[in-house]
Amino acid sequence: MSRKLSGAENRKKAKERKKQSHLSSSFLSSWLKENINEDESNNEPAGESAASLSASEEPSVSGTTEELLSCEIPVNCSEGESVLFDLNLNVDDPGTWPENLTDTQRCFIVSKLMNKLVNEPDISNTYRDGRKLSKDWFHKVLPNGEKINRLWLMLGKSMNSLYCLPCKLFAHTQSESKSSLVRREGFTNWKKVGERLSEHENSLNHKNCFCSWKNLEASLGKRGIDKDLQDEIEKEESHWKAVLHSVVDVILHLAKQGSPLRGSNETLEFSDPRSGKFLNTIELVSHYHPPLREHILRHRKGQVTYFSSKIQNEFLEIISNKIREQIMEEVKEAKYYAVMFDCTPDVSHLEQMSQVLRYVRVVENFPEITERFIDFFTVSDKTGIALSEEILKKIEQEGLDIKNCRGQSYDNGANMAGKYQGVQARISESNPLAKFVPCAAHTLNLVGVNAATAVHEVAGYFGTVNCLYTYFSASTNRWEVLLKYSPLALRKESDTRWSSRREALTVVHKHLDKIVEALNHLALDAVSSPETKSGAVSLLKSIQTFEFVAFTCFWQKTLKKIDIVSKMLQKEDIAIDVACNLLKGLTAQIKDCRDTIGNEVLEEAKQSCLALNVDPSFKEVRNRKKKRFFDEKCEDESSEISQHKKFKLALLQVNDRIEAELERRFQSMQKVNEMFGFLSPKQLTTLDNKTLREKATTLANLYRDDLDKDELSVEIESFKYSVIGSDNLAGSESKKE
Numbered sequence: 001m002s003r004k005l006s007g008a009e010n011r012k013k014a015k016e017r018k019k020q021s022h023l024s025s026s027f028l029s030s031w032l033k034e035n036i037n038e039d040e041s042n043n044e045p046a047g048e049s050a051a052s053l054s055a056s057e058e059p060s061v062s063g064t065t066e067e068l069l070s071c072e073i074p075v076n077c078s079e080g081e082s083v084l085f086d087l088n089l090n091v092d093d094p095g096t097w098p099e100n101l102t103d104t105q106r107c108f109i110v111s112k113l114m115n116k117l118v119n120e121p122d123i124s125n126t127y128r129d130g131r132k133l134s135k136d137w138f139h140k141v142l143p144n145g146e147k148i149n150r151l152w153l154m155l156g157k158s159m160n161s162l163y164c165l166p167c168k169l170f171a172h173t174q175s176e177s178k179s180s181l182v183r184r185e186g187f188t189n190w191k192k193v194g195e196r197l198s199e200h201e202n203s204l205n206h207k208n209c210f211c212s213w214k215n216l217e218a219s220l221g222k223r224g225i226d227k228d229l230q231d232e233i234e235k236e237e238s239h240w241k242a243v244l245h246s247v248v249d250v251i252l253h254l255a256k257q258g259s260p261l262r263g264s265n266e267t268l269e270f271s272d273p274r275s276g277k278f279l280n281t282i283e284l285v286s287h288y289h290p291p292l293r294e295h296i297l298r299h300r301k302g303q304v305t306y307f308s309s310k311i312q313n314e315f316l317e318i319i320s321n322k323i324r325e326q327i328m329e330e331v332k333e334a335k336y337y338a339v340m341f342d343c344t345p346d347v348s349h350l351e352q353m354s355q356v357l358r359y360v361r362v363v364e365n366f367p368e369i370t371e372r373f374i375d376f377f378t379v380s381d382k383t384g385i386a387l388s389e390e391i392l393k394k395i396e397q398e399g400l401d402i403k404n405c406r407g408q409s410y411d412n413g414a415n416m417a418g419k420y421q422g423v424q425a426r427i428s429e430s431n432p433l434a435k436f437v438p439c440a441a442h443t444l445n446l447v448g449v450n451a452a453t454a455v456h457e458v459a460g461y462f463g464t465v466n467c468l469y470t471y472f473s474a475s476t477n478r479w480e481v482l483l484k485y486s487p488l489a490l491r492k493e494s495d496t497r498w499s500s501r502r503e504a505l506t507v508v509h510k511h512l513d514k515i516v517e518a519l520n521h522l523a524l525d526a527v528s529s530p531e532t533k534s535g536a537v538s539l540l541k542s543i544q545t546f547e548f549v550a551f552t553c554f555w556q557k558t559l560k561k562i563d564i565v566s567k568m569l570q571k572e573d574i575a576i577d578v579a580c581n582l583l584k585g586l587t588a589q590i591k592d593c594r595d596t597i598g599n600e601v602l603e604e605a606k607q608s609c610l611a612l613n614v615d616p617s618f619k620e621v622r623n624r625k626k627k628r629f630f631d632e633k634c635e636d637e638s639s640e641i642s643q644h645k646k647f648k649l650a651l652l653q654v655n656d657r658i659e660a661e662l663e664r665r666f667q668s669m670q671k672v673n674e675m676f677g678f679l680s681p682k683q684l685t686t687l688d689n690k691t692l693r694e695k696a697t698t699l700a701n702l703y704r705d706d707l708d709k710d711e712l713s714v715e716i717e718s719f720k721y722s723v724i725g726s727d728n729l730a731g732s733e734s735k736k737e
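Its first residue numbered 1, the sequence shown is counted upward by one per residue in the UniProt record's numbering.
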């Protein structure tokens, strides 16, 4: 361990350094002209400063903060001066440097230290107060765990102290109060070395000095540090891009599946099952994604992770807005569009309205009908006026013109499809060319619902069918008994999905005898609870009647016809003329079977009752006694009809209601078909040219701002022969095969 110098010895050495510095400056001044005018300075090599190069010749350091960007080099030195400088100056020991360095001395020191790439000082003599300096302080650990050299930190041998190289060189030009890392005695408090180094390197003055040092180094060495700095920036940028890509991919994956992202615990404790699907998926992906794994490992409290619920919602909002913008660009490019809106309550009992746009886009020179879901938004008032205002407001918010709307489609409820106060009527007032076409499948469902509630006896029948499902599904034991006897399980009914009623009735119609056996088993089982027994007995009394069996046969026939048409109407590529023909055919079927349906149903019901050991006759009901007033006569009494006739009248009422609803609810669709139906390939090939021209003229007059009647007629005739030619070609090829 070296002996500490006394005060007298230090003063003696200081005088010698001052004298040597004075001699050096006197010697150098003899090589310089005292008065140099502007013209002479341009031709004097010794007057050119390596640090005063223009930005076009040598780029300056590019920092990440405004302080770094505003750094300038406040010194001027020349290569000639650095060569003539006193070589006895120890550049590796800042403790021996003069207090006030000249520009020449700075250039000399920087030129000697500029190729230093690794900072590995000898710390063997740094013991102070029982502590020793560690080499770890000459490195900085980044948040990602990477170590970088603190090249600016130097250990002076004379004082065994730490110094900041850039601040030692340029601190006096920054007008700062010097820290211990800049003073001659240096920094020796090893107990607080980590805290002081962190404070110093993050200070503004240090950054300015560091920038000046590196710019001077770049000027002297004819190279810049922009490349190294940019490499670090790009490396960090690539890391964050990889992390964000993985985060967005996980969010999109879960959003497409409709899965909840968050859990009850949002901390990065991946082993916790309460963390939710998002964090658990992030953990899974990190096993195969090194940047994401590194990002998780470097996480500390208070740092950015991009795993919070706010970030998830922000990403989803950005993605949805981008998709919405793209869709709106496609709609505006297509110009004409149709709107579809529908309301339904959600689990929070709020009325949510969905928005769908339908338009035609050209994909690889081929027209394609496109439907895009746009949004959900909450509505409070379900009247036609309020809903129409919300729809018009929403269309305006999307930047679309209601005048370019050519179609509107909703359910066939009164508030949406009403002829005078419905939404379609209000929209038509704003734009008469927005033709209303109801949702065919939903409308057909409403036809069945209204028919089922038209007659009291029919409503009671469906209530009994629903009670069967409720009874068996209320207990696992009951359900097990049902499956023991019946190969098919009972199905639940749904008012919004009429096909579910057909499925429920199919099981009852085919396996009514098995259901009866299951109920008898439960009613007679000694282990069954009283509630189970009483429920089974009650249901047996309800279904073991001729009326129940007859209604089952009737609805099985009727719903089968409706269900076939309903499924065909739900096809994506169905044309409006085909849909209208299907509905016309269904209406004709219902109308034709009106006179025979009663007898057919009763005959089938009798055969089923014989197989079930049920009396094939209606239960006789005692005629109701009505009090006769003094002014009434006997002939005024209403005549009572038999149960047989009552049943037939009920079937006729249901049949007539279905027929009437089919004709009433699909009027708007039939009108649209009359306008555009002639464009279908079937009608094009069968209608003569005169009729086609008349229909084309009528259509062009309706859309006079969109179509030219003469051009439309010519194009339709040309298209007609093109369709005929393609049909003939297809027919000849099929014959060859």
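The beta carbon of each residue, even a glycine, is placed where N, CA and C say it ideally should be.
Just so it is clear, the structure is predicted and the values come from calculations on it, not from any experiment.
Given a cut-off of 8 Å on the beta-carbon distance, is the pair residue i and residue j in contact?
{"i": "A451", "j": "E661", "result": "yes"}
{"i": "L512", "j": "A536", "result": "no"}
{"i": "F341", "j": "I391", "result": "yes"}
{"i": "residue 740", "j": "R693", "result": "Lying before the first or after the last residue shown, residue 740 is absent from the chain, which here runs from 1 to 737."}
{"i": "Q653", "j": "V363", "result": "no"}
{"i": "V601", "j": "L651", "result": "yes"}
{"i": "V565", "j": "L582", "result": "yes"}
{"i": "L252", "j": "F278", "result": "no"}
{"i": "N144", "j": "E294", "result": "yes"}
Work out the CA separation of residue j and residue i for me, nearest whole Å.
{"i": "G7", "j": "K207", "result": "34 Å"}
{"i": "F358", "j": "E325", "result": "The question names Phe, but residue 358 is Arg in the sequence shown. One C-alpha to the other measures close to 15 Å."}
{"i": "G585", "j": "Q556", "result": "18 Å"}
{"i": "P438", "j": "M416", "result": "9 Å"}
{"i": "N90", "j": "E99", "result": "14 Å"}
{"i": "C609", "j": "L468", "result": "19 Å"}
{"i": "T188", "j": "T96", "result": "16 Å"}
{"i": "R361", "j": "D573", "result": "16 Å"}
{"i": "G407", "j": "K335", "result": "13 Å"}
{"i": "H442", "j": "S475", "result": "33 Å"}
{"i": "K140", "j": "N202", "result": "12 Å"}
{"i": "T344", "j": "Q257", "result": "21 Å"}
{"i": "N431", "j": "Q424", "result": "10 Å"}
{"i": "F551", "j": "Q607", "result": "14 Å"}
{"i": "G194", "j": "W137", "result": "7 Å"}
{"i": "K382", "j": "I427", "result": "15 Å"}
{"i": "E663", "j": "T453", "result": "18 Å"}
{"i": "Q397", "j": "E429", "result": "20 Å"}
{"i": "S246", "j": "Q303", "result": "18 Å"}
{"i": "S486", "j": "I515", "result": "7 Å"}
{"i": "S308", "j": "E266", "result": "7 Å"}
{"i": "E333", "j": "S680", "result": "25 Å"}
{"i": "D129", "j": "R184", "result": "20 Å"}
{"i": "P121", "j": "R150", "result": "12 Å"}
{"i": "V723", "j": "R502", "result": "40 Å"}
{"i": "G384", "j": "S409", "result": "14 Å"}
{"i": "I319", "j": "Q312", "result": "11 Å"}
Pull up the CB-CB distance for residue i and residue j, whole angstroms please, since I reckon it's below 8 Å.
{"i": "L162", "j": "L155", "result": "6 Å"}
{"i": "M353", "j": "F315", "result": "Going by Cβ atoms, the distance from M353 to F315 rounds to 25 Å, so no, they are not a contact pair."}
{"i": "L169", "j": "W213", "result": "6 Å"}
{"i": "V250", "j": "T281", "result": "5 Å"}
{"i": "F618", "j": "E547", "result": "6 Å"}
{"i": "E217", "j": "V110", "result": "5 Å"}
Buried or exposed for residue i, please, with buried defined as at least 16 other CB atoms from any protein chain shown within 10 angstroms of its CB.
{"i": "D346", "result": "exposed"}
{"i": "D577", "result": "buried"}
{"i": "V75", "result": "Confidence in V75 is poor, its pLDDT being 38 and thus under 50, which makes the residue's placement unreliable; the coordinate value appears in the next sentence. Counting Cβ neighbours within 10 Å, V75 comes out buried, since at least 16 surround it."}
{"i": "E275", "result": "The amino acid occupying residue 275 in the given sequence is Ser; Glu does not appear at that position. Result: buried."}
{"i": "Q421", "result": "exposed"}
{"i": "R532", "result": "Residue identity check: residue 532 is Thr in the sequence provided, not Arg. Counting Cβ neighbours within 10 Å, T532 comes out buried, since at least 16 surround it."}
{"i": "residue 773", "result": "Nothing in the structure corresponds to residue 773, since the chain is present only between 1 and 737."}
Quick one: does residue i have its CB under 8 Å from some CB of chain E?
{"i": "K720", "result": "Looking for chain E here will not work: only one protein chain is present."}
Quick check: does the Cβ of residue i come within less than 7 Å of any heavy atom belonging to the ligand FMN?
{"i": "T545", "result": "In the structure on display, the ligand FMN does not appear, and there are no ligands present to speak of."}
request  = Mind the definition here: the stretch 524-531 touches the stretch 461-472 only if three or more C-beta pairs lie below 8 Å; say whether that holds.
outcome  = Segments in contact, no.
Check: Pairing CB atoms from the stretch 507-522 with CB atoms from the stretch 567-578, are three or more of them under 8 Å?
Finding: The stretch 507-522, when compared against the stretch 567-578, does not touch it at the 8 Å Cβ threshold.
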